[in-house]
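Enquirer: For the sequence shown, the positions run 1 to 278 when the UniProt record's numbering is used.
Glycine included, every Cβ here is placed at the ideal spot set by N, Cα and C.
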Amino acid sequence: MFSGLKDETVGRLPGTIAGQQFLIQDCENCNIYIFDHSATITIDDCTNCIIFLGPVKGSVFFRNCRDCKCTLACQQFRVRDCRKLEVFLCCATQPIIESSSNIKFGCFQWYYPELAFQFKDAGLSIFNNTWSNIHDFTPVSGELNWSLLPEDAVVQDYVPVPTTEELKAVRVSTEANRSIVPISRGHRQKSSDESCLVVLFAGDYTIANARKLIDKMVGKGFFLVQTKEVSMKAEDAERVFREKAPDFLPLLNKGTFWMIGILLWLFSLHADLIYFCL
């Protein structure tokens, strides 16, 4: 627990929380870094804080916080009675805000050597990120309580790498091309009417191949919209792939399988939707 701190930089190193619950409360003007995976994290009554949270297996809940900048990954994200939060988020389910205003969201962007293993330990997929699909429980007519950060927002300007000797040992990078989570455009305004869905079926190197493919296609001018890692049964695949389903019968006949889908916008393809099996 971090409680009652003011004007401090504090943190937890990899392996020091190891999947347990954690609480942050009554902190002011602090830089807080949790470089480990945890079960749940609650942040109460914090003001003007910078917060990084490693993968959280369950929920992250902000209550009565003001003027905070955060980067975090979790299964569930909820904000209540908060004002002016800026959050770079990876969330497996729809983020929720309630009785809050001026909440801004961007896509998670962070790296350190232990982070990929922590995602796995927390049961989170780097490809399941609904960061921009926000649900407001208490909307106000004519107002928008949340918005998206500028697409060119630099995470280092919001949640900088720690500079204390202890935390510097974690070897953090905020460079976009090193981010563990693919940086997606989410629900931003479409920049093209052309789209392409790339599907990779389960294999020994599927995750690595998906990352390489995303990097290559983005480098060629594609825009990554969203990724999704799912398990599917034969009837699900037949519904998704329709007339293409027979092409995948060798996989469908094995029962449940998983795949990674990658949705991109592009400018040069003369088709609305194309399926690739790699």
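Here's a check: name, in chain order, each residue in its chain whose Cβ is nearer than 6 Å to the Cβ of D26, leaving out the five neighbours to either side.
Expert: Excluding positions up to five away in sequence, the list reads S3, G4 and D45.
Enquirer: Could you check if K69 is buried or exposed, using at least 16 other CB atoms within 10 Å of its CB as the buried criterion?
Expert: Buried is the call here.
Enquirer: Could you tell me whether the Cβ atoms of C74 and C91 are closer together than 7 Å?
Expert: Cβ distance < 7 Å, so C74 and C91 count as in contact.
Enquirer: From the DSSP output, read off the bridge partner residues of Y111.
Expert: Answer is S173, bridged to Y111.
Enquirer: Within the same chain, show all residues whose beta-carbon is closer than 7 Å to that of K168, passing over the 5 residues directly before and after it, in chain order.
Expert: P162, listed in sequence order.
Enquirer: In chain order, what residues of the same chain have a beta carbon less than 8 Å from the beta carbon of D125, not counting five sequence neighbours either side?
Expert: Note that residue 125 is Ser in the sequence shown here, rather than Asp. These residues qualify, in order along the chain: A92, F119 and E229.
Enquirer: Is DSSP giving G15 helix, strand or coil here?
Expert: In this structure, G15 counts as coil in the three-state DSSP scheme.
Enquirer: Would DSSP call Y158 helix, strand or coil?
Expert: Here Y158 sits in helix by DSSP.
Enquirer: Who are the Cβ neighbours of L278 in its own chain at under 6 Å, not counting the five residues just before and after it?
Expert: Its pLDDT being 36, under 50, L278 is placed unreliably by the model, and the measurement read from it follows with that caveat. Cβ within range, chain order: L200.
Enquirer: If you reduce the DSSP assignment to three classes, tell me which class P246 lands in.
Expert: In the structure shown, P246 sits in a helix (DSSP, three-state: H, G or I).
Enquirer: Do Q76 and S100 have their beta-carbon atoms positioned less than 7 Å apart in this structure?
Expert: No, the Cβ-Cβ distance between S100 and Q76 is not below 7 Å.
Enquirer: Applying the 10 Å Cβ sphere with the 16-neighbour rule, what's the burial state of F137?
Expert: The residue is exposed, with fewer than 16 neighbouring Cβ atoms inside 10 Å.
Enquirer: Would D36 and R63 qualify as a contact pair, given that the criterion is a beta-carbon distance under 7 Å?
Expert: No. Outside cutoff.
Enquirer: Identify the continuous beta strand (DSSP E) that holds L224 and give its terminal residues.
Expert: Looking at the DSSP string, the run of the beta strand (DSSP E) that includes L224 is F223 to M232.
Enquirer: Per DSSP, L200 forms a beta bridge with which residues?
Expert: Answer is I260, bridged to L200.
Enquirer: In this structure, how does DSSP classify F77 when only helix, strand and coil are distinguished?
Expert: F77: strand per DSSP, three-state reduction.
Enquirer: Would you give the residue range spanned by the alpha helix (DSSP H) that N31 belongs to?
Expert: Looking at the DSSP string, N31 is not in any alpha helix (DSSP H); the run it does join, the beta strand (DSSP E), is N31 to I34.
Enquirer: Ends of the beta strand (DSSP E) at K57?
Expert: Note, K57: beta strand (DSSP E), I50 to R63.
Enquirer: DSSP three-state call for L124: helix, strand or coil?
Expert: L124: coil per DSSP, three-state reduction.
Enquirer: Between S179 and W131, how many whole angstroms is the CB-CB distance? I'm expecting something under 8 Å.
Expert: The Cβ separation is near 12 Å, so there is no contact.
Enquirer: Could you check where the beta strand (DSSP E) with D44 kicks off and where it finishes?
Expert: Its beta strand (DSSP E) spans residues I41 to D44.
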